[in-house]
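Structure first, then comments.
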C-alpha cells in the first residue's frame, strides 16, 4: 500500500514539474521565477528565430510573425519544411505551388546525459529530430523519421505529449511521409490531430488568461490548427478512398468545428466536404454545405487555389444536377483562375462540353491539348494518364458526331482504343460501351459483341469501383456505366436473335439500372428552375434500350407496360411534384384526349428514339431517329426558321429552303402512324419533345407541304402527370360582378428606361385601334386594358385575374443570366415594384385559365431535359393556376403576333379550344401574302390543356 502511494506521489511530482516547465515558458512572472531567469528567457524570446519567421498559408503566402519582447516561437515554422510536408500530402491539390525558402541551419540541442528509454520525449529530442528532417541530407532525414517513430511511440498518454514550444516540430515530423511505416500512417495522423487539439486548448486558455508576459499570437493558434487540419484532411480522404464516404463527411464536419483558427485550410475542408457529399449523392446536404462554404469565402480573402477548388466543386455539383448553364458559369470562373499548365482543369472543361452536347468545341479543345502534349512528349515529359483521359474525351465526342459525319468514326475508334489500356473502373466501362456502339453502327456485330463481353467481365471484377473517391458501389456514375454496357448487350442480343433467356437476363440488369436511377432522382432536392435528370444521353439510352428490349421480347403486348417506365420518370419532374401530380396510367391518358385526338410521347436516345402513339383505340410504339442523327437537321431548320425574312430576300427560294429543311426533320422525327393522323387533320398532344431539344414542331411541313400547326390543333403537355393534375384542377370561382371579364390585357407598358435590363428596349407600338382589333369579339364591359404607365406590376397583382377568362400580355421579355430562372416580363414600374415580373413573383399570383404571352422567348429557359417546363415562364403561369399558356421560345414580330392573337380570339369567343383557335389563325396568316412566312406564326406554341374551351 505504501509502495503504491509512493509511486502515485512520485508520478504527481513528475507531472507537476512538467506542467511547471511548460507554463514557465509562457508566463515566467506568473510562476514566480527569479528575475535573472526571467530576463534571460525574455532575451531568448527576443532573439531572431532560428527557424525563420513566417507561417505559410495554404495558398503559399507568408504571414509575418511579431518579434520582440514577449514573443513566442509557436507562431513560426520553416517554410521549406512546410513545403516538403504539404507536397508529401498527395491528396492536397496545391501543395506543389509552395516555393521552398533557404534552409537556415539548426543547432542541435544538448540532450541530458542519461534518460530512460521509455520516458516521455523531451523538447530537445523533438527539436533535434526536426533539425535533421529539415536539413535536406537524406541520411539525416532517414534518421529523423526513425526518431519520430520512436518519439511518437513513447507518447503513451496526454501528459507525455510534446511541450508547447516544440509542438509544431512534432506535428511536422509526424506528418512527413515514412515509407517504412505506411501501415502506421493513420495512427500517426490521429496522433497529430490529438496533440494539436490539446496544444490548441492550452494556447486558447493562455490567450484567455492574458497575464503579463504572455503573448499568444494568432499565428501561434493558426500554426497548430493547420497541422491538425492537415491530419484530419488526409484521414478523411483516406476514408473516401476506402469507400466510406459517410465517415469521411463526418470527419470533415468535425474538423471544421475543431480547427476554427486554420484560416484558408478551413475553406479546403469545407469544399472537400461538399465534394464528398456530392459523390455520396446526399444532394440536400451538399447544397447546404456549398451555401455555407460560399458564405465563408465571401467573408475572407482566400488564395487562388482555394477559389479554383471551389469553382471546380460547384461545377461538378451543377453537372450532377443537370443544370448545365450554372455549371458553365462556375467553370468559366475556374478556367480564369487556372493556369495554362493546369491540364486537369482543361480535361474537366472537355467533360463539361461533352455534357453540354457541344462535341465540336470539345474536339477542338482536346486537339489543342493533344498538340501541346505532343510537344511535351518530344521533351520526354508526357503524362500518360493525361493522354489517356484526353483520348477518352475526344473519342466520346467524335463518336457522338459520327452519326452526322461518318469520317469521325475511325478517329473515335482510334482514340478510344488508345485510352483503353490505361482506363479502369467506370471509365473503362464507358469506353467499352462507346467502342461497341461504334462497331455496331459500322456493321461489325462481332466487334460489338466482343466489347459487350469485355464490359460484362469488367462488371464482374472486384476493381470496377475504381480508385479514390469513385469507390461507391451504388453511385449513379457506376449505374450509368453498367447501364451503358447492358444497353450495348441489349442491342447486340436483339440483332443476333439471342435466346429469350439471355434477353430476359439483360432486361433484368437494364431494369435494375433504371430503377436505381429513379431512386437517385427521388433523393434530388426540389430546386428553383428544375433539374435535368434526363439531360444526359447515358440515362436516356438506358430507358430507350430497356423499352426496346421489352418490345422485342413481347411485342405489342408490352407497349403500355414500357410506357409506364417513361411515366415513372415524368412523375418525378419538379412541376409535377409542385402540383402533386399522380402517376397516370395509359387509360387516364386516353381520358384526357378529346375525340379524334392523338397523344405522342417522345423519348430521345442517342442512337435511336421511341415514340408512343396513343388514341382512344390503341397504344403503339415506333422507333425514330436518334438524337445524334437528328440534331444537325433540327438545328439547321430551327436557325433558318427563327431568322426573320429580309426585305430583299427571294420569298419563293426561302420558302423552298424551309420546306426542304423541315421535311428532313419531319422524316426522321414523326412515326408512320402519326403521319397518317396528321394527314387526316387530327388534333395532336405532344409530351417529351424537349428530350430532343428545341423542336419547332408546329412549323414542320407535312407530305403536302402544309405546316403541321396549320393543319392540326397541336398542344404541348409538360408531362402526362402535369396534364392530369391540370385536368383535375378546380374551376375558377365565379366572379362577384354581374358581368364576367373575358379579356384582361397589359400592353405597351412604359418601362424604366434607366434600368440595366430594360434601357435598350424599344417602345411597343400599341394604338387604340390595335386594342379594338385585338378585343373585337367582346363588348366593352367584358374587357379591360392597362397600357403605358398604368400597366404596372402592382395593377397586375391587385387585379382579379382568376375571375377573368384570358390574360393577354403584349410586353417585352427580358433575361438575367445570373438568375436560376432568367426570364421576366417587363411591365411599368410601380410605387413598390421595379416592373420586372419574375417567375417566382408570377407563382404568387392567381392566374386565369388562359394566359397569352405575346412576349419574346417567354417559353425559353435553361435546358432541363426530363423536367417539365418549370424553368421558364410557362411553368410559372401553370403553377400559378393557369390551365393553358400560349408562348414562344423565340423572338416574335409584334404586328404578326397581334394579328395571330386577334384571329385566335375570334375563334375562342365562339367556343373553340385554344389549340384549335391557334390552328385556324395560323392557317389564315399562312394564306395571307404579308404573313405567309412561317416565321410570323410557326413559332407560337400552346402549352397545357389547349383542347378544352376556356371557361
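In my numbering, the protein residues as written are 8 to 958.
We put the CB at the ideal spot given by N, CA and C, even for glycine.
In this text, all values refer to a predicted model and were calculated from it rather than measured experimentally.
- Taking C-beta separations shorter than 6 Å and ignoring five residues to either side along the sequence, the partners of residue 925 in its chain run 911 and 949, following chain order.
- Within the same chain, Cβ atoms closer than 8 Å to the Cβ of residue 590 are found at 574, 575, 578 and 728, the five residues on either side in sequence being excluded.
- Your pair residue 527 and residue 483 checks out as a contact, with CB atoms roughly 5 Å apart and the cut at 8 Å.
- Residue 947 sits in a strand when the DSSP states are folded into three classes.
- Looking at 141, 336 and 312, the one whose alpha-carbon comes closest to that of residue 346 is 312.
- By the beta-carbon neighbour count (other beta carbons within 10 angstroms, threshold 16), residue 953 is buried.
- Here the stretch 689-696 lies against the stretch 597-606, with 3 or more beta-carbon pairs under 8 Å apart.
- Counting the other CB atoms within 10 Å of its CB gives residue 587 a total below 16, which places it among the exposed residues.
- The three-state secondary structure of residue 675, taken from DSSP, is helix.
- For residue 639, there is no enclosing beta strand (DSSP E); the enclosing alpha helix (DSSP H) has its first and last residue at 634-648.
- A Cβ-Cβ contact shorter than 9 Å links residue 614 with residue 548.
- Here residue 609 carries a strand assignment [DSSP, helix/strand/coil].
- Shortest Cα-Cα distance from residue 460 to any of 452, 496 and 435 involves 496.
- Apart from sequence neighbours up to five positions away, the residues of its chain that approach residue 923 with a beta-carbon distance below 6 Å are 720, ordered along the chain.
- When secondary structure is reduced to three states using DSSP, residue 357 falls in the helix class.
- Counting the other Cβ atoms within 10 Å of the Cβ of residue 805 gives fewer than 16, which makes it exposed.
- Relative to the Cα of residue 808, the nearest Cα in the group 913, 770, 620 and 851 belongs to 851.
- Excluding its 5 nearest sequence neighbours in each direction, residue 552 has C-beta neighbours in its own chain below 6 Å: 494 and 497, listed in chain order.
- Per DSSP, the unbroken alpha helix (DSSP H) holding residue 174 starts and ends at 174-182.
- Around residue 514, the same chain offers 497, 553, 556, 557 and 560 as residues with beta carbons nearer than 8 Å, after the five sequence neighbours per side are excluded.
- Residue pairing by DSSP places residue 627 opposite 620 in a beta bridge.
- Counting only the Cα atoms, residue 351 lies some 16 Å from residue 430.
- Just so you know, the alpha carbons of residue 462 and residue 410 end up roughly 23 Å apart.
- For residue 818, same chain residues with a beta-carbon under 8 Å away, outside a window of 5 residues either side, are 753, 754, 755, 756, 771, 798, 832, 833, 834, 861 and 862 in chain order.
- The C-alpha of residue 530 lies about 8 Å from the C-alpha of residue 289.
- Collapsing the DSSP output to three states places residue 819 in a strand.
- Annotation for residue 128: 158 and 161 place their beta carbon closer than 6 Å to its own, counting only its chain and skipping 5 residues before and after.
- A residue is called buried when at least 16 other Cβ atoms come within 10 angstroms of its Cβ; residue 562 does not meet this threshold and is exposed.
- Nearest in C-alpha terms to residue 943, of all of 951, 765, 913 and 904, is 904.
- Inclusion of residue 699 and residue 648 in the CB contact set at 9 Å is not warranted, their separation being larger than that value.
- The distance from the Cβ of residue 870 to that of residue 542 is about 7 Å, consistent with a contact at the 8 Å cut-off.
- Note on residue 678: 16 or more other CB atoms within 10 angstroms of its CB, so buried under the neighbour-count rule.
- Taking C-alpha positions only, residue 240 is separated from residue 262 by approximately 8 Å.
- Per DSSP, residue 272 lies in no beta strand (DSSP E); the unbroken alpha helix (DSSP H) holding it starts and ends at 271-286.
- Annotation note: the stretch 313-350 contains no uninterrupted beta strand (DSSP E) run of length 3 or greater.
- Nearest C-alpha to residue 828 among 534, 583 and 203: 534.
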